[in-house]
Structure formats: structure tokens, C-alpha cells
Amino acid sequence: MSIKVLKSLAAFALGAAVFAQPALAQDKPLKIGVTAGPHAQIFDVVKQEAAKQGLNIQVIEFTDYVQPNVALSAGDLDANSYQHQPYLDNANADRGYKLVSIAKTVIFPIGIYSKKIKSLSELKEGARIALPNDPTNGGRALLLLQANGLIKLRPDVGLKATPIDVVENPKKLRFIELDAAQLPRSLDDTDASAVNTNFALEAGLNPAKDAIAQESPDSPYANVLVVREKDKDRPEFAKLIAIYHSPAVKQFIETKYKGAVVAAW
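In mature numbering (1 follows the signal peptide of the UniProt record, and there is no 0), the protein residues as written are -25 to -1, 1 to 240.
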């Protein structure tokens, strides 16, 4: 083969490689970090729906709550889906991340349960209410009681309210702070208890049927889809959000989790 022919072939190969690069870039999957359990299961459905629309997704599962943000900030992920906004805000403040939420996903609603009453309106003066003793979930429980008109909290308390932040308590409710895992067992000794979804399920409670009050989907504790701030306007994220918020994904959530996990959009 002549040198001239070899040069022509080399030039052709180089040109082909150059023209192939955009196609390869388009085929590059969106890497989404999730934690094991519902977040991973839901994103498997999102991945299937996305494939029908030509969007390639790679789901990467993590076993802790720290590394998905580390990996996203470092550029090893395109997005993650596992945390609520207060957690993200704390992570940004503590670690200097520049991460933002672009959509709500699901909420694991805290609920109020009782063996003695069917409605919060039946609570009598001086009723005993058990709450989680950690700041995040204790605050969630108090905000839920406030949303149902039973108490009022200091306006500036934010999301980490404790019983000392209650400024109006017409029924003189008495609050008992317990470890979150003990709350289902407290139902025999209290008038009502605020229980996280995971502990409610472990105790054989059905959040959709047994809770006499639950957080609404617009709770600040709804989980969110998170990306780097500089990437928030990437067009593929708009497509990803539309797919996550599609009827097919919502139906999966409702059928699979029966109220233990709720669509937050």
C-alpha cells in the first residue's frame, strides 16, 4: 500500500473519530446517586421510563448519607436523590458544597398514631403526646401538631422546634420525648404518639390507614433531586424531572408503598 493511500486512510480515520465524539457524548448516561431501598427502587422505574424517551440513566447505589453529596460535589455524579431540603442545607453549610435542589421527589411522612382516639379533635385537656427526642424529627412532630391547629410555635423557631418553643397550647397537651424507635411501644401509655414511617412499618402499622394525621406532600421534609448549582439549567434535567413526575412513576409509588412513601409533587 502506498504512503499516499495510508495518509488518506489516516485522515479519514481521524475525521471519523472527530465526528463520532458528539454521538458518544450524547450516549453518556446521567449518573444518579441514590441510597438503598425506596430511592433506588423508584429510580429503577425512572430509568426504565427514561429509556423509552431516549434518556440514558445509570443508577449508583450508596449505603450511607454522606457519600452521595461528596460524589456529586466532586463531579462523579450528575445528580442525587435521597435527602430532604434541611439535610441538604446543613450539608452545604457544613462542607461548603454548591448543591441545589431542582425538584421534589417523595416524602416519608411522619404520622400521629393512637390506640385511644380516632381523630386529633378527640384529644382531651392534658393529653399525653409522645414525640421523637431528636431535633429534626421532634420538630417535624411539633410542626404537624401546629398544622392541625393544636399548638402554636414561636414564629422564628424554624424546623428544629422543641416543646419549649410552644407558645400556645389550648388543650395543655403534655409532651413526652422518647427515642424514635420506642415510640410505637409508647402507644399503650400515651394518648397519641408521633412515629416515623420506618418505625411505624416495623411495628406493623399502616401509615395510610392507621395514622390519624400525616405530613402533607408540601412538607419541608420532602426529599429532593439535587444537582451542582452550575449545572441546574442543563436541559436533560428538565426531562428527568418530567419523567420522575410522570403518572407511571407516581402509580408505582402508590402501588408499591401504600402510603408509607408519598409522591411530593
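The beta-carbon is built from N, C-alpha and C at its ideal position, and this holds for glycine as well.
Ordered list of alpha helix (DSSP H) runs contained in the segment 131 to 207, each at least 4 residues: 172 to 177, 182 to 185
Less than 6 Å between C-beta atoms, sequence neighbours within five positions excluded: which residues of the same chain meet that for residue 175? 182
Would you call the segment 223 to 235 and the segment 19 to 27 touching, i.e. three or more CB-CB distances under 8 Å? yes
Contact set for residue 146: own chain, Cβ-Cβ below 8 Å, skip 5 residues either direction: 98, 99, 100, 101, 102, 125
Is residue 166 near the ligand GTP - that is, is its Cβ less than 7 Å away from at least one heavy atom of it? As far as ligands go, the structure on display features none, and thus does not contain the ligand GTP.
Integer-rounded CB distance, given that residue 168 should sit under 8 Å from residue 105: 4 Å
Candidates 115, 78, 28, of which the one nearest residue 208 by Cα: 78
Just to confirm before moving on: does the CB-CB distance between residue 128 and residue 141 stay below 8 Å? yes
Per DSSP, residue 244 is paired with what? This structure does not reach residue 244, given that the chain is present from -25 up to 240, and the question cannot be answered.
For residue 41, does the count of other Cβ atoms within 10 angstroms reach 16, so buried, or fall short, so exposed? exposed
Measuring alpha carbon to alpha carbon, tell me which of 170, 214, 177 ends up nearest residue 187. 170
Just tell me which of 197, 238, 228, 230 has its CA closest to the CA of residue 61. 197
From which residue to which residue does the beta strand (DSSP E) around residue 45 run? From DSSP, residue 45 is part of no beta strand (DSSP E) but of the alpha helix (DSSP H) over 42 to 49.
Give the secondary structure of residue 37 by DSSP, where H, G and I count as helix, E and B as strand, and everything else as coil. strand
Report buried or exposed for residue 44, applying the criterion of at least 16 other Cβ atoms within 10 angstroms of its Cβ. buried
Output needed for residue 173: all residues of its chain with C-beta closer than 8 Å, excluding positions within five of it in sequence on either side, in chain order. 83
Residue 159 burial status per 10 Å Cβ neighbour count (16 or more: buried): buried
Using C-beta distances below 6 Å, list every residue in its chain close to residue -1, excluding the 5 sequence neighbours before and after it, in chain order. No answer about residue -1 holds up, because its pLDDT of 39 lies below 50 and its placement is not dependable.
Using alpha carbons as the reference points, say which of 184, 230, 33 lies closest to residue 94. 184
Secondary structure at residue 113, three-state DSSP: helix, strand or coil? helix
Between the alpha carbons of residue 92 and residue 134, how many angstroms are there, rounded? 27 Å
Those residues which DSSP pairs with residue 60 across a bridge: Answer by DSSP bridge pairing: none, since residue 60 is not bridged.
Taking all protein chains shown into account, do 16 or more other C-beta atoms lie within 10 angstroms of the C-beta of residue 4, making it buried, or fewer, making it exposed? exposed
Continuous beta strand (DSSP E) stretch holding residue 107: start and end: 103 to 107
What did DSSP end up calling residue 127 once you bin it into helix, strand or coil? strand
Residue 74, buried or exposed, once every other Cβ within 10 Å from all chains shown has been counted against 16: buried
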